[in-house]
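Protein chains: 2
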Amino acid sequence: MNDKKLAYIEESGLLFEQFGMTRMAGRIFGYLVVSDKEQVSFDEIKEALQASKGSISGVTKQLIAVGFIQPITLPGDRKTYFKLTEANPGKIIKARFSLFAKFSELTQKGKGLKSKDDDVSAWLEETSMFYTWIIDEVDKVIEKWEKEKRKIMGAQKQNGIDT
Amino acid sequence: MNDKKLAYIEESGLLFEQFGMTRMAGRIFGYLVVSDKEQVSFDEIKEALQASKGSISGVTKQLIAVGFIQPITLPGDRKTYFKLTEANPGKIIKARFSLFAKFSELTQKGKGLKSKDDDVSAWLEETSMFYTWIIDEVDKVIEKWEKEKRKIMGAQKQNGIDT
DNA sequence: TTTTTGGTTCAATAATTATTGAACTTAATA
DNA sequence: TATTAAGTTCAATAATTATTGAACCAAAAA
């Protein structure tokens, strides 16, 4: 593993922290990105990142839960391997967005608690509806990507050349 | 302030934590929601939430930065008041989404670091493009809300009755 | 110009969260 | 059945982050 790759792993760690995940989660993601193997064993990750078994165990579970990586098991082999997810890239955004449903509920509930109807009530109503609505819209956008990604990617590349 | 409102403030604090902000940020948001005044002074927030000046000072700045609240100052009054933002509710989502640009860059960079072209390279390319693309799409969706929110809100309510 | 009010800054501390490491579980092999 | 390998769990600790509180600054009032 060269220096640039090692630096990349750390950079990934720091970015994942910004997204509210752990540094170690980002490191594992980064390691799977730059590794030449498509599947990497639990132990190899542990050695490469100089971390404990407990940490790798917990963090890989996190990454699986949010859909960044997949575990792979093979018959006649008791090891677990990991690889970057095969799921479409919208899956993670979808999961993140579904959190907004809670914010929609919070604002709706807030409206119900107000002693009087005022501008804030109107804002709470709009905000609540907006967050419910946008979850759906984003779902549609993601579907659109899935259906048309070849076309869209082509157009984007074209764009890059043009401008 | 009744018990339900106090409970709401704490609930808001916990939800904001889930979103990666601080508990105190959520409490301030919650307080502004349930307060009957549309504008609340620095000192009133501090007293209501039993927090320090330093905390209120730092956290209100955070909330302003992400677009949840607005500071209000009046001539002949040296106090600062705060109220829930008047900006459209998409502003915050937009800001959050712009973070994805970094993830697009991370995956693009990762592709460049790979020793060989493989399935992972293809995934990195697609993911990078997807994240760039979706930022734009979400912007469009938010614009749509702004233009058509009256209509959309009407339709959503209708929906609620129908189903 | 002095005092007071309203807020900011920042070092210290409290609270929280991530990581380790050792004991434990489970399942495959001998 | 006993042994080993691969992970998991969880209490202890390390690391990080939030909050306090005291000293400070700036602007308005006296």
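Chains as they are written, first to last, in the working numbering: chain G, 1 to 163; chain L, 1 to 163.
A virtual CB, placed ideally from N, CA and C, is assigned to each residue, including glycine.
The structure presented is a predicted model; accordingly, all values stated were derived computationally and were not measured.
With C-beta atoms as the reference, is residue i less than 8 Å away from residue j?
| i | j | result |
| --- | --- | --- |
| G:Ile-134 | L:Ile-93 | yes |
| L:Gly-21 | L:Gln-50 | Here the sequence assigns Met to residue 21 of chain L, which means Gly is not the residue at that position. Not a contact, by the Cβ cut-off of 8 Å. |
| L:Gly-58 | L:Thr-85 | no |
| L:Phe-42 | L:Thr-80 | yes |
| G:Ser-141 | L:Val-34 | Correcting the residue type first, residue 141 of chain G is Val in the shown sequence and not Ser. In this structure, L:Val-34 does not lie closer than 8 Å to G:Val-141 by Cβ. |
| G:Lys-91 | G:Leu-32 | no |
| G:Lys-111 | G:Ser-98 | no |
| G:Ile-72 | G:Thr-60 | no |
| L:Leu-14 | G:Lys-102 | no |
| L:Lys-116 | G:Asp-36 | yes |
| G:Leu-74 | L:Tyr-8 | no |
| L:Glu-38 | G:Asp-136 | no |
| G:Trp-145 | L:Phe-100 | no |
| G:Val-138 | L:Val-40 | no |
Could you pull out every residue in the same chain whose Cβ sits closer than 6 Å to the Cβ of residue i, ignoring the five residues on either side in sequence?
| i | result |
| --- | --- |
| L:Ser-128 | Ser-104, Thr-107 and Gln-108 |
| L:Val-48 | Before going on, a small fix: residue 48 of chain L reads as Ala here, not Val. Cβ within range, chain order: Tyr-31. |
Using the Cα positions of residue i and residue j, report the straight-line distance between them to the nearest angstrom.
| i | j | result |
| --- | --- | --- |
| G:Glu-125 | L:Glu-148 | 15 Å |
| G:Gly-26 | G:Ser-12 | 5 Å |
| L:Lys-5 | L:Gly-30 | 8 Å |
| G:Ala-167 | G:Arg-78 | No statement about residue 167 of chain G is possible, as the shown extent of chain G runs from 1 to 163 and does not include it. |
| G:Gln-156 | L:Gly-154 | 36 Å |
| G:Ile-64 | L:Glu-44 | 44 Å |
| L:Glu-10 | L:Thr-132 | 36 Å |
| L:Pro-89 | L:Glu-143 | 11 Å |
| L:Trp-123 | L:Arg-96 | 23 Å |
| L:Ala-1 | L:Glu-17 | A quick correction: the sequence has Met, not Ala, at residue 1 of chain L. Spanning the two alpha carbons is a distance of roughly 23 Å. |
| L:Gly-76 | L:Arg-150 | 38 Å |
| G:Ile-152 | L:Ile-152 | 28 Å |
Go through its chain and collect everything with a Cβ distance to residue i's Cβ below 7 Å, but skip five positions before and after it.
| i | result |
| --- | --- |
| G:Lys-53 | Lys-46 |
| G:Ser-55 | Met-24 |
### Task
Counting only runs of 4+ residues fully inside the stretch 34-78 of chain L, write out the alpha helix (DSSP H) ranges in chain order.
42-49 and 53-65
#### Entry: Unbroken stretches of the alpha helix (DSSP H), 4 residues or longer, contained in the stretch 72-124 of chain G
90-98 and 100-113
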